[in-house]
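Position 249, counted from 1, in the sequence shown is what the working numbering calls 230; the numbers after and before it change by one each time, with no gaps.
Okay, so here's the structure we're looking at.
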Amino acid sequence: MFHAFLLFIIGVLLGLANLKPTFFILTPLITPSLALLTFPDSSSSKLFKRLKLGWSFAFGYFLISLYWIPRCLLVNADQFLWLIPLTFFGIPAICALFMGASWALIPWMRFSGVLRVFLFALSWALMEAFLYLPVGGFPWSLLGYVWHRSLPIAQIAYPLTIHGLSFLTILWGSSYYIWCSKRSKTGAISSHLSPILIILVLFLSFLGAYFWGLSRLAKPTKMHDVPSLRIVQPNIPQKIKWHPDYQQINLKKILRLTYAPGYNSVDLIIWPEAALTYRLTPSLLQFITKPLSAQQYLITGILNDIKDDPLNVHNMLIALNNEGTIIDQYRKHHLVPFGEYVPASDFLSRYLSINLQTLAGGAIQTLSGSKPETITLGPMINFSPQICFETLFSNLVASNPSKPKWILNLTNDAWFGRSTGPHQHVQISRFRAIQSNLPLVRAASTGISAIIDNHGQIIQSLDSHVTGVIDYKKRPDPKIRSSLTGRL
């Protein structure tokens, strides 16, 4: 029990790295060694004990990393207040099961020295892989995301993926354990040089990653592939977003921001996820696009019912021309577990005698669409659509019918108020841009809206709970610019 509690505390310390204060970046460089040193001998060989200890470590990590999730239940507190304790402890507990499973599969505690470190890092990488598998997947607090504070190190996610960066983070954070592992009982450093050499290799790998990242950051970005656009951030509280008394007021606010001076100088106007709360009619679509020119497009998120059935909806992105015609559309493929659907609800409801689907959207059933395909609106607009937390999944960047030039993510983080959640979400978006090597445009209802280049650098942004627009002007292709400069 003592070891389990100690690992829980170490997990909490590691989880602090996912919070906003910058100095918490130090915790991943310390806590892996603490976890490794918790077991100085080869005990804990029993499978159930390994599972329990792995669960305790990860429970502490996810408890602090995901503390903000129950915040969404306060929007409808009269209905869901009772769920807050269950959500606060339950979601981290479920996520932690996969660390327990990885420790059960990889008995790193039986070994010592470098092999112990390698297997410990491998168990973490396996846990992150497991987070993609269960009930739709929720790979949120991956350890590699902490490097958003150091863009040079973050660039490693491009060749190695975010999981490779997490693996390296554990190795780098295990240096102190390696130093201690070859000390004699008297405390003198062993004459064997392997620990020093291994630590030197880890240090050089860190420096190598840093300077490689600097060299990548010095290269031209792909921002010339992003068209001139306007992102609208209406900053409408979730409490009134769907209220009938506020629908007209909300739409007027969005239109006022959309067609504020300067709108006619952009190619594309982007509204956030589910920005349009009315049912779709030709007259409505014509009304909201009337000021556009023939060369301009409007993209918005909507909840659209299926064959006039208001209880079955798709979370959608639609692209409109100046006549209000839907040129292209995308139906969200990867739904949010317990947010848009309850995993295995039909199966479980048979045994619990309650309709579990009412926990996710009440009586409304959100349906999944097909995987995203590249949307092309003329020669200048070519992107991969993503809605909400789909930005967590690298396999949801479209690759057909043609490779996109940038990623568009529509989201609504209003559910989570002023918590860490929206900040974590935008940092994940930065890594999606790095790993995909594509710029990412993010439109969020209450923020944080941002334009991110393919190196994860935020070019422009609007902070959380700010009303406004982002106007981005298309940049010239550096190859064309350098060619013209050479001719001159």
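For glycine and all other residues, C-beta sits at the position ideal for the given N, C-alpha and C.
If you look at Q367, you'll find it in the beta strand (DSSP E) that goes N363 to I368. Excluding residues up to 5 positions away in sequence, L47 and I50 lie with their Cβ nearer than 7 Å to the Cβ of I72 in the same chain. When secondary structure is reduced to three states using DSSP, S442 falls in the strand class. The criterion of a C-beta distance shorter than 9 Å is satisfied by R423 and T372. According to the DSSP assignment, S104 belongs to the alpha helix (DSSP H) that extends over G94 to F111. In terms of Cα proximity to L54, the closest of L44, L67, Y42 and F43 is L67. Excluding its 5 nearest sequence neighbours in each direction, V247 has C-beta neighbours in its own chain below 6 Å: S209, L210 and R211, listed in chain order. A431 has R423 and S442 as its beta-bridge partners, per DSSP. Bounds of any alpha helix (DSSP H) do not take in Y227, whose DSSP letter is neither H nor E. Cβ-Cβ separation between L(-13) and T8: approximately 16 Å, too far for a contact (criterion under 8 Å). It is roughly 29 Å from the alpha-carbon of L183 to the alpha-carbon of C76. Judged by DSSP in its simplified three-state form, G320 adopts coil rather than helix or strand. In the displayed model, T448 falls within coil according to three-state DSSP, outside both helix and strand. Three or more pairs of CB atoms, one per stretch, sit closer than 8 Å, so the stretch 36 to 45 contacts the stretch -18 to -1. Residue pairing by DSSP places H295 opposite N285 and L348 in a beta bridge. Rounded to whole angstroms, the gap between the alpha carbons of G305 and L146 is 45 Å. Collapsing the DSSP output to three states places R312 in a strand. In the structure shown, the three-state DSSP call for V213 is strand. No residue range can be given for L257, since it is assigned to no alpha helix (DSSP H) and is classified by DSSP as neither H nor E. Comparing C-alpha distances from T427 to each of L421, I415, N393 and D434 shows the shortest one belongs to N393. Here I87 carries a coil assignment [DSSP, helix/strand/coil]. Between N435 and I388, the alpha-carbon positions lie close to 10 Å from each other.
Boundaries of the alpha helix (DSSP H) around L198: S175 to L198. Within the same chain, H144, S147 and F148 come within 7 Å of A106 by CB-CB distance, once the 5 residues on both sides are set aside. The count of Cβ pairs closer than 8 Å, one atom from the stretch 148 to 162 and one from the stretch 115 to 133, reaches three, so the stretches are in contact. Closest option to T258, judged by alpha-carbon separation, among I221, A241, Q405 and R31: I221. Just so you know, the alpha carbons of Y311 and D206 end up roughly 21 Å apart. Between I159 and V95, the gap from beta carbon to beta carbon is short of 9 Å. Cβ neighbours of I439 within its own chain (closer than 6 Å, five residues either side excluded): A431 and I433. By the neighbour-count criterion, in which a residue is buried when 16 or more other Cβ atoms sit within 10 angstroms of its Cβ, H295 is buried. Per DSSP, reduced to three states, the secondary structure at T392 is strand. Scanning its chain for C-beta atoms nearer than 7 Å, with the 5 sequence neighbours on each side dropped, one finds around A(-2) the residues F5, I6, T8, P9 and V127, in chain order.
Here V(-7) has G41, Y42, L44 and I45 as same chain residues with Cβ atoms under 8 Å from its own Cβ, once five neighbours each way along the sequence are excluded.
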